[in-house]
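First comes the structure, then the notes that go with it.
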């Protein structure tokens, strides 16, 4: 079940170089949104909507929060929408993260602009979640305070060491697993990162869910363009990020 | 010589049902604009600019005034631009009206949305100009006060008599000519009206200029799409409204 | 009485607007938006003899006022369509147009014959796909082959047959006349225009398949022109499609000669 | 040295970007915006043997991300071009591409021969116009006729010859190979796609000529695809055009295989 409509932008600000943070007032969407789902956002003058992961949901205020990077003319157009303006959104879309029962421990891993969807899922685990996020450098570090206000433990990595520790999130993950194994791992970011996280999780026998990206059109599973390669009981087949995902059991994703 | 740029909208208001009045601050354009010239106005999301006649020029304030009717999605888009916003304009374009020396008398005839260009040309003649304007009904009558503040004499006609006298501008013109013949007649409006004005002017031996309309693309004479049929010394040929016009000697226009 | 209802080559549609094949899945995805019973009919996504995985991704590229796609006819095959989709579709109270595509003339005929027992109202034959035996050239780009496949399918079915024409041809009227002469009860047009986009950051085509089908408002003027040409060249009804996004577009393409319209739902 | 300069079939252009024929007149209208000396060259509007009045209006219709036009080759004829336009153009310090169109093979050849003495750098032969002797079908839609007219023009001129190809064909690579085999020194593509719009208020086509040529960003994906196909099929250079509106578009169509670009100035 998803809704479409034009909703008021309650807040909008830039939070890093080319990265925007937009809060949309849409109670009917907020009420049914699960962690890890996404929204299809219209960019005026462009034929296709832009899929944007839902960073956070406030069911009391009836808002969803979209944190996105300007990657082209379309996302640039969306980023120009001002507080108080209307934004055309279809949400919530796709299959979100599996949430374990209270008391279970999770490690949430975000790579660059793959970090936003970790806010809502990490919130479900509070102090039982460790969030490992990695960025190119200090100028594009985002959402660390949001994780802290979730009560999460945070480990910040940058490629060049200009913020947090110098290194990859996978190094930090290995370090964490050496100390204690969580009940579940969530990851979103570049394919290479997801591939490595998947391998490490498998080696440690930990269930892992990854959130994938693909060029998308309808967003609801009708047009079949947002294909990704998956495997079940030894058989490979095509799944679709918008409907079968964006969240997949990492064991079922075929990484080239 | 014409200019292109994005200029600030100094004023914008609706002045009748579906008719908007926009004042644009563009000193470099205002400085060189002649009565009867037009502007090419960009409508966001549309490939072609919309040609709009220049209603009035204020060289001191550095503004031009555009009065236009919403005829489709493009003009509707332009009508949504707010005071203070930027509008992308190319102007002044085309060949304007011939202005006679002081003291000469003129009759200016506007039919419906063909009325706006009469404001600036009538202003040149002050009390020596009689403005005959015709509209479908009272709900779409525009610019009468502007003509009065020009010092012009005004004769208002409506098809249904809901404002001014009931009847066509051509009837009013015939009546005026019976009393006194002006040195020149200017007209802008539906082709049928222009055809009749042209005939009446010819019968009375009065020089007459008409401003034509045609679907347009480049607006500067390069693409040759805005064709109109004209005649000179007995030979018929195609002219182009954007460059050879929009104003033509009525004797040179071929009316079907 | 319903003033919107039409008779299209013997099939009664409660209204002339039908979502285009490939844009609407099997209706399941959009049911909450558009109760299927309100639609004139539904042209379900292309069905082949055997299950097809389709092309690798990326399968889509945005273009000005349109998009390119190269799904590659991914579908579960005709058996799954009959066993899994049809039982659901027949309960929806709308006309069912089965869109079929084969790699050979024989395969197209076999597909049609397998639909014989079903509740399918109208068969739409896609001839824009490559004819394996003719070196991969599309059936729809050659008058003779287009006629042959039409005749073979017509002989294999008792259902009305509509042939979906490719716009990537020198003379679409010649193709239309050939399929009409070979038994087509109707034609639908236009299928997508072949196009390409390149990612200037990488220098590589955006689509993994390099080229794909262009659809959307960008192609609408070509669709209107071809519908106008074809409806003036044949005596069978024309179903118009290609960038139809608004009610004004539907009116315009019907004014060009279409008796019904397949539109491209925008969500 | 100028890193942007290119050699295109023997003609040196100071840069590879050239306004497309028909969009730029003879340069006079845009001179104040774009000093002609800064352009790689100019492809002047289509020139015919005798003066042509062109089609009646309306000649233009807007489309999503594009427009239809049906100017009908209005121009003053080749004599006026040589006597009135050339003397002005030669002073501009840019390469001059003369775009010529004829109603018969012989007329095309005569046009080319009349340019012999002139300072024209490159002849662009438009084969998308109707061949009167072939019942009005465009030269560019038949491999044999396209080859014949190319050969006739090549034999009539000592200047490099570029043939402008029509996209309204089943296989543009076959046409390209045929004109290459018949002496073309280069090809330019794509010309406009045939399209139509209808005014739903009147039910009549917007263009007086009913159909017209579609140009603008809407057709860019088709242009990229055809440039890619043709540049992989022939050994002569390709000048790419069709909806090129931004520098990114120019880069993209050159990545598809074009050595130079004709763009469509937006003002």
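Chains as they are written, first to last, in the working numbering: chain A, -4 to 251; chain B, -4 to 251; chain C, 31 to 297; chain D, 31 to 297.
Even for Gly, the Cβ is constructed at its ideal location relative to N, Cα and C.
These numbers were taken from a predicted model, which means no experiment stands behind them.
Worksheet item: Does the distance from the CB of residue 196 of chain D to the CB of residue 170 of chain D come in under 8 angstroms?
Response: Along the fourth chain, read from residue 1 onward, the residue named residue 196 of chain D stands at position 166. Along the fourth chain, read from residue 1 onward, the residue named residue 170 of chain D stands at position 140. Taking the C-beta atoms as reference points, residue 170 of chain D is found nearer than 8 angstroms to residue 196 of chain D.
Fill in: Given residue 231 of chain C as reference, the closest of D:86, D:281, D:222 and D:133 once Cα atoms are compared
Residue numbering aside, residue 231 of chain C sits at position 201 when the third chain is read from its first letter. Checked all of D:86, D:281, D:222 and D:133; the closest Cα to residue 231 of chain C is D:281.
Worksheet item: What did DSSP end up calling residue 92 of chain D once you bin it into helix, strand or coil?
Response: Locating residue 92 of chain D in the fourth chain gives position 62, counting from the first residue. Looking at residue 92 of chain D - three-state DSSP - the assignment turns out to be strand.
Worksheet item: Taking Cβ-Cβ distances shorter than 7 angstroms, what residues in chain C pair up with residue 95 of chain D?
Response: Within the fourth chain, numbered from 1, the residue matching residue 95 of chain D stands at position 65. Neighbours of residue 95 of chain D on chain C, chain order: 94, 95 and 248.
Discussion item. So, with DSSP's three-state summary, where would you put residue 55 of chain B?
Written reply: For the purposes of this step, residue 55 of chain B is taken as residue 60 along the second chain, with counting starting at 1. Note: residue 55 of chain B maps to coil in three-state DSSP.
Discussion item. Restricting to Cα atoms, I'd like to know which of C:137, C:159 and C:219 is closest to residue 181 of chain C.
Written reply: Working through the third chain from its first residue, we reach residue 181 of chain C at position 151. Out of C:137, C:159 and C:219, the CA that lies nearest to the CA of residue 181 of chain C is found in C:137.
Worksheet item: Around the Cβ of residue 329 of chain C, are there at least 16 other Cβ atoms within 10 angstroms (buried) or fewer (exposed)?
Response: Summary: the structure shown does not reach residue 329 of chain C, with chain C confined to residues 31 through 297, and so no result is reported for it.
Discussion item. Measuring straight from C-alpha to C-alpha, what distance separates residue 4 of chain A and residue 156 of chain B?
Written reply: Within the first chain, residue 4 of chain A is the residue found at index 9, counting from 1. Within the second chain, residue 156 of chain B is the residue found at index 161, counting from 1. Between residue 4 of chain A and residue 156 of chain B, the C-alpha separation is close to 49 angstroms.
Fill in: Counterpart residues of residue 202 of chain B in DSSP-defined beta bridges
Sequence index remark: in the second chain, residue 202 of chain B carries index 207 (1-based). DSSP lists B:179 as partners of residue 202 of chain B.
Discussion item. Between residue 318 of chain C and chain D, is the shortest Cβ-Cβ distance under 8 angstroms, so that the two count as touching?
Written reply: This structure cannot speak to residue 318 of chain C, because chain C is shown only from 31 to 297.
Worksheet entry | residue 227 of chain C: contacting residues in chain D (beta-carbon distance under 8 angstroms) | Along the third chain, read from residue 1 onward, the residue named residue 227 of chain C stands at position 197. Within 8 angstroms Cβ-Cβ: 251, 254 and 282.
Practice prompt. Would you identify the three-state DSSP class for residue 207 of chain D, choosing helix, strand or coil?
Written response: One-based indexing of the fourth chain puts residue 207 of chain D at position 177. In the structure shown, residue 207 of chain D sits in a helix (DSSP, three-state: H, G or I).
Item to complete: Taking residue 233 of chain A and residue 83 of chain C to be in contact with their CB atoms under 8 angstroms, please state how far apart those CB atoms are, rounded to whole angstroms.
Response: Start at 1 with the first residue of the first chain, and residue 233 of chain A comes out as number 238. Start at 1 with the first residue of the third chain, and residue 83 of chain C comes out as number 53. With a beta-carbon spacing of about 5 angstroms, residue 233 of chain A and residue 83 of chain C fall inside the 8 angstroms limit used to define contacts.
Worksheet entry | Opposing strand residues paired with residue 46 of chain A [DSSP bridges] | Taking the first chain and counting its residues from 1, one reaches residue 46 of chain A at position 51. DSSP output for residue 46 of chain A lists A:35 as bridge partner(s).
Worksheet item: Along chain A, in chain order, which residues have C-beta atoms closer than 8 angstroms to that of residue 104 of chain C?
Response: Here residue 104 of chain C is taken as the residue at index 74 of the third chain, counted from 1. Those within 8 angstroms of residue 104 of chain C in chain A are 219, 222 and 233.
Worksheet item: Nearest-angstrom Cα distance between residue 220 of chain A and residue 31 of chain A?
Response: Numbered from 1 along the first chain, position 225 holds the residue referred to as residue 220 of chain A. Numbered from 1 along the first chain, position 36 holds the residue referred to as residue 31 of chain A. Cα to Cα, the separation comes out at about 20 angstroms.
Discussion item. Residues of the region 32 to 52 of chain D in Cβ contact with chain B at a cutoff of 8 angstroms, in chain order, please.
Written reply: 52
Discussion item. For residue 264 of chain D and residue 283 of chain C, what's the separation of their Cα atoms in angstroms?
Written reply: For the purposes of this step, residue 264 of chain D is identified with residue 234 of the fourth chain, where counting begins at 1. For the purposes of this step, residue 283 of chain C is identified with residue 253 of the third chain, where counting begins at 1. Rounded to whole angstroms, residue 264 of chain D to residue 283 of chain C spans 38 angstroms at the Cα level.
Worksheet entry | Complete alpha helix (DSSP H) runs within the region 97 to 146 of chain B (minimum length 4 residues, chain order) | Runs of the alpha helix (DSSP H) inside the region 97 to 146 of chain B: 112 to 118 and 139 to 144.
Discussion item. Using beta carbons (cut-off 8 angstroms, strictly below), is residue 220 of chain C in contact with chain D?
Written reply: The residue you call residue 220 of chain C lines up with position 190 of the third chain. It does not; no Cβ of chain D falls within 8 angstroms.
Fill in: Counterpart residues of residue 242 of chain C in DSSP-defined beta bridges
Here residue 242 of chain C refers to the residue found at position 212 of the third chain. DSSP output for residue 242 of chain C lists C:225 as bridge partner(s).
Fill in: Three-state class that DSSP yields for residue 111 of chain D in the structure shown
Within the fourth chain, the letter at position 81 stands for residue 111 of chain D. Correct three-state label for residue 111 of chain D: helix.
Worksheet item: Is the beta carbon of residue 225 of chain D less than 8 angstroms from the beta carbon of residue 93 of chain D?
Response: Start at 1 with the first residue of the fourth chain, and residue 225 of chain D comes out as number 195. Start at 1 with the first residue of the fourth chain, and residue 93 of chain D comes out as number 63. The answer is yes: Cβ separation under 8 angstroms.
Practice prompt. Return the chain-ordered list of same chain residues with a C-beta closer than 6 angstroms to the C-beta of residue 252 of chain A, the five sequence neighbours on each side being excluded.
Written response: Nothing about residue 252 of chain A can be read from this structure; chain A reaches only from -4 to 251.
Item to complete: Under 9 angstroms between beta-carbons, which chain C residues line up against residue 107 of chain A? List them in chain order, please.
Response: As a position in the first chain, residue 107 of chain A is number 112, starting the count at 1. What residue 107 of chain A touches in chain C: nothing, since even the nearest Cβ is about 17 angstroms away.
Fill in: Rounded separation between residue 172 of chain B and residue 104 of chain B - CA only
Translated into positions along the second chain, residue 172 of chain B becomes position 177. Translated into positions along the second chain, residue 104 of chain B becomes position 109. Looking at the two C-alpha atoms, the distance is approximately 13 angstroms.
Worksheet item: Is the CB-CB distance between residue 150 of chain C and residue 128 of chain C below 8 angstroms?
Response: On the third chain, residue 150 of chain C is found 120 positions in, with the first residue counted as 1. On the third chain, residue 128 of chain C is found 98 positions in, with the first residue counted as 1. With respect to the 8 angstroms criterion, residue 150 of chain C and residue 128 of chain C are classified as neighbours on the basis of their beta carbons.
Worksheet item: Count the other CB atoms within 10 Å of the CB of residue 48 of chain B; is the residue buried (16 or more) or exposed (fewer)?
Response: Start at 1 with the first residue of the second chain, and residue 48 of chain B comes out as number 53. Buried is the call here.
Worksheet item: Does the distance from the CB of residue 37 of chain A to the CB of residue 83 of chain A come in under 8 angstroms?
Response: Mapped onto the first chain, residue 37 of chain A falls at position 42. Mapped onto the first chain, residue 83 of chain A falls at position 88. Taking 8 angstroms as the cut-off, the beta carbon of residue 37 of chain A is found closer than this to the beta carbon of residue 83 of chain A.
Worksheet entry | residue 251 of chain D, DSSP secondary structure in three states | Within the fourth chain, the letter at position 221 stands for residue 251 of chain D. Three-state result, residue 251 of chain D: helix.
Discussion item. Here's the rule: buried if 16 or more other CB atoms are within 10 angstroms of the residue's CB, otherwise exposed. What is residue 68 of chain C?
Written reply: Within the third chain, the letter at position 38 stands for residue 68 of chain C. Classification of residue 68 of chain C: exposed, given that the 10 Å Cβ count is below 16.
Worksheet entry | Proximal residues of chain D, C-beta to C-beta of residue 43 of chain B below 7 angstroms | Your numbering for residue 43 of chain B matches position 48 in the second chain. Ordered by position in chain D, the residues that pass the 7 angstroms Cβ test against residue 43 of chain B are 92 and 97.
Worksheet item: Between which two residues does the alpha helix (DSSP H) harbouring residue 69 of chain A extend?
Response: Numbered from its first residue, the first chain carries residue 69 of chain A at position 74. Residue range 68 to 74 is occupied by the alpha helix (DSSP H) that includes residue 69 of chain A.
Fill in: Span of the beta strand (DSSP E) around residue 149 of chain A
Within the first chain, the letter at position 154 stands for residue 149 of chain A. Where residue 149 of chain A is concerned, the enclosing beta strand (DSSP E) stretches over 148 to 153.
Worksheet item: Just the Cα atoms here: how many angstroms apart are residue 219 of chain D and residue 229 of chain C?
Response: In the fourth chain, residue 219 of chain D corresponds to position 189, counting from 1. In the third chain, residue 229 of chain C corresponds to position 199, counting from 1. Looking at the two C-alpha atoms, the distance is approximately 20 angstroms.
Worksheet item: Applying a beta-carbon distance threshold of less than 8 angstroms, which residues of chain D neighbour residue 212 of chain B?
Response: The residue given as residue 212 of chain B occupies position 217 in the second chain. 90, 97 and 99, listed in chain order.
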